[in-house]
Structures are given as C-alpha cells and as structure tokens.
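If you're matching them up, the sequences are chains L and Y in order.
Note that UniProt numbering has the first sequence beginning at 1, numbered continuously upward.
Note that UniProt numbering has the second sequence beginning at 1, numbered continuously upward.
One structure is given below, encoded as structure tokens.
Protein chains: 2
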Amino acid sequence: MARTRHRSLDCSPGCAVEATLQLIDGKWKGVILYHLLAEAPEPEGALRFNAFRRRMPNVTQRMLTNQLRELESDGLVHRTVYAEVPPRVEYRLTERGRSLEPVIRALKAWGDAHAAMAPEVAA
Amino acid sequence: MARTRHRSLDCSPGCAVEATLQLIDGKWKGVILYHLLAEAPEPEGALRFNAFRRRMPNVTQRMLTNQLRELESDGLVHRTVYAEVPPRVEYRLTERGRSLEPVIRALKAWGDAHAAMAPEVAA
DNA sequence: CAGTATCCTTTTAGATACTG
DNA sequence: CAGTATCTAAAAGGATACTG
Numbered sequence: 001m002a003r004t005r006h007r008s009l010d011c012s013p014g015c016a017v018e019a020t021l022q023l024i025d026g027k028w029k030g031v032i033l034y035h036l037l038a039e040a041p042e043p044e045g046a047l048r049f050n051a052f053r054r055r056m057p058n059v060t061q062r063m064l065t066n067q068l069r070e071l072e073s074d075g076l077v078h079r080t081v082y083a084e085v086p087p088r089v090e091y092r093l094t095e096r097g098r099s100l101e102p103v104i105r106a107l108k109a110w111g112d113a114h115a116a117m118a119p120e121v122a123a
Numbered sequence: 001m002a003r004t005r006h007r008s009l010d011c012s013p014g015c016a017v018e019a020t021l022q023l024i025d026g027k028w029k030g031v032i033l034y035h036l037l038a039e040a041p042e043p044e045g046a047l048r049f050n051a052f053r054r055r056m057p058n059v060t061q062r063m064l065t066n067q068l069r070e071l072e073s074d075g076l077v078h079r080t081v082y083a084e085v086p087p088r089v090e091y092r093l094t095e096r097g098r099s100l101e102p103v104i105r106a107l108k109a110w111g112d113a114h115a116a117m118a119p120e121v122a123a
C-alpha cells in the first residue's frame with residue numbers, strides 16, 4: 001500500500017491552484033470526470049467499469065482501476081458494488097465531485113477554443 | 001534533448017480536457033501561471049527568475065528552469081533576455097497564456113472553496 | 001543573476017497474464 | 001464483469017555542484 005499521493009504543497013497563495021490540480025491530474029482523471037459529468041445518463045447517473053473502457057479505448061484495466069480508486073479516495077467519485085453474478089459496479093460523482101464541474105468546463109472550453117497542443121494551430 | 005512531452009491523447013470528447021491539463025500539469029506550472037496572472041506588477045507585467053524563487057521557496061533552480069521552458073515552448077509564457085551584466089531575464093504571459101486566466105481562476109476558486117486535500121475537512 | 005550539468009530516486013504508466 | 005498481480009520502462013522530480 002504505497003499510497004503516497006499528493007506531493008506536499010509548498011506554494012503560497014497559488015497553493016489552491018496546485019491543490020485542485022493534484023486531484024484531477026493523472027492521465028485519465030480528467031476524462032473520467034468529464035464522462036461522468038457529461039455523459040452519465042440522467043442527473044446523478046452512473047457509469048460502469050466497462051462503460052468507461054468503451055469511452056476510453058486506450059486505458060488499461062490497471063490504470064482505469066487506479067485512477068478510479070484515487071478519485072474515490074479523494075472523495076470525488078463514489079463506488080457502488082452490487083452483490084450479483086455477474087458482478088456490477090457503478091461509479092458516480094459525489095457532491096464534491098460534482099462541484100468540480102466549473103473547473104472541468106473551463107478546461108474543456110479552453111481546450112476546444114485553442115485547438116490544444118499546437119500554438120501554431122491557434123486560429 | 002529528450003523533449004518528449006505530451007503523451008498522446010486518446011480520449012474522445014473529453015480530449016479537450018486532457019489537452020488543457022497537459023499544459024498546466026507539472027509540479028510548478030500552476031503556481032507559475034498563477035503568479036504571473038495575479039502578482040505580476042501592472043497589466044502585462046513580468047517576473048524575473050529570482051522573483052519566482054522568492055514566491056516558491058521550495059522549487060529548485062533546475063525545476064524552475066524546466067517548467068518555465070516548457071511553458072515557453074507551449075506558447076504560454078514569453079522569455080525576454082536583456083544583454084546586461086548582471087543578466088536580467090523577464091518572463092511574461094503571452095496572449096495564449098493570458099487566455100488561461102478563467103481556467104486558473106476556476107482551479108483557484110475550487111481550491112479555496114474546498115480547503116483542498118482533505119474531503120473530511122470540507123465544511 | 002540566471003542559469004547548466006550530473007547523478008540519482010520516486011512516480012507513473014504500460015504490457016501481459018490470471019481470477020472470484 | 002470487474003477486477004489483481006507482476007514485471008518493466010519511461011518520465012518526473014530532487015540534490016548538489018558549478019558557471020558565463
């Protein structure tokens with residue numbers, strides 16, 4: 001259980017910026033949150049493990065599990081296990097997770113507006 | 001010059017979210033941008049290398065240089081070198097960099113509002 | 001003042017195979 | 001279906017010493 005995570009923040013007022021970033025950084029966390037916010041059916045809807053995999057074709061099982069667990073331990077996502085066969089596990093945003101919506105929206109908006117990656121491509 | 005950077009994005013619409021994140025992730029980039037946005041004297045103001053170091057007591061010279069160079073090569077920050085002795089180098093936001101303001105603001109606002117780090121601490 | 005250069009440790013992520 | 005377990009590679013970050 002080498003769950004270190006969250007390198008100590010040692011900034012001063014910009015601290016809050018880094019603190020928020022630490023929660024959503026990780027190769028797949030942004031997309032996971034985005035899908036939960038934007039695509040989970042009906043408000044407060046959930047997505048299942050394989051639903052994520054379909055939306056993120058290149059994530060490995062290991063990484064998806066990792067990222068979901070970290071989001072869970074940061075209190076952003078809730079994991080519900082149904083004792084059925086075959087097993088069913090649902091992920092949904094917590095209140096805290098849903099409160100990140102403006103942040104995710106801002107990230108998405110900027111990415112869309114700036115065609116990302118390449119400065120030269122900017123209209 | 002192993003300037004790899006920017007792991008290939010393979011999400012689908014959440015892609016824009018990841019793309020934006022890639023530009024501001026890196027242990028010190030958020031704070032650097034924050035300081036340039038919030039504290040650089042007068043609009044379009046600049047900060048010098050050691051001005052950053054004063055604001056971020058725990059950054060090493062190596063990391064500060066790295067992060068600034070990456071921000072530069074992503075077109076977010078401009079670096080001006082004055083041919084003087086002792087040398088003077090100023091960093092300021094580009095247009096593109098300044099356009100990240102809503103994003104940084106959102107990150108800051110969330111961090112401030114949620115006391116960061118600990119879910120339990122949330123009022 | 002504003003960096004470089006080296007070396008080294010930690011963290012992150014990917015591949016692959018297996019399971020209740 | 002929803003994961004574990006193991007092993008490995010690569011990237012990020014830190015410590016320390018030196019310089020135009």
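Even glycine gets a Cβ: it sits at the ideal position worked out from N, Cα and C.
Every value quoted in this text rests on a predicted model; they were computed, and no experiment measured them.
- In this structure Leu21(Y) does not touch Leu36(Y) by the C-beta definition: roughly 18 angstroms separates them, more than the 8 angstroms allowed.
- Taking a Cβ-Cβ cut-off of 7 angstroms, the neighbours of Arg55(Y) in chain L comprise Ser12, given in sequence order.
- When 8 angstroms is used as the limit between beta carbons, Arg7(Y) is near these residues of chain L: Lys27, in chain order.
- Between Val77(L) and Thr94(L) the beta-carbon gap is near 6 angstroms, inside 8 angstroms, which marks them as a contact.
- Flagged as an interface residue toward chain Y: Tyr34(L), by a C-beta distance shorter than 7 angstroms.
- The Cβ atoms of Gly26(Y) and Ala19(L) do not sit closer than 7 angstroms to each other.
- Taking Glu90(Y) as reference, the option from Gly14(Y), Glu44(Y), Trp28(Y) with the minimal CA-CA separation is Glu44(Y).
- Contact annotation: Leu9(Y) and Cys15(Y) have beta-carbon atoms nearer than 7 angstroms.
- For a Cβ distance threshold of 7 angstroms, residue set Pro102, Val103, Ala106 of chain Y lies close to Ala106(L), ordered along the chain.
- Chain Y places a beta carbon closer than 7 angstroms to that of Val17(L), counting this residue as a contact.
- Per DSSP, reduced to three states, the secondary structure at Arg54(L) is helical.
- The beta-carbon of Gly30(L) is placed less than 7 angstroms from the nearest beta-carbon of chain Y.
- Gly30(Y) is positioned such that its CB atom lies no closer than 7 angstroms to that of Val103(L).
- With fewer than 16 neighbouring CB atoms inside 10 Å of its own CB, Ala83(L) falls in the exposed class.
- Boundaries of the alpha helix (DSSP H) harbouring Thr20(Y): 15-24, taken from the DSSP string.
- Ser99(Y) and Gly75(Y) have their C-alpha atoms spaced approximately 11 angstroms apart.
- Thr65(Y) has a beta carbon lying at 7 angstroms or more from every beta carbon in chain L.
- Counting along the chain, no alpha helix (DSSP H) covers Val77(L); the unbroken beta strand (DSSP E) around it starts and ends at 77-82.
- Of all alpha-carbon atoms in Pro86(Y), Pro13(Y), Leu71(Y), the one lying nearest the alpha-carbon of Trp28(Y) is that of Leu71(Y).
- Here Leu47(L) carries a strand assignment [DSSP, helix/strand/coil].
- For Thr80(L), the closest Cβ of chain Y is not nearer than 7 angstroms.
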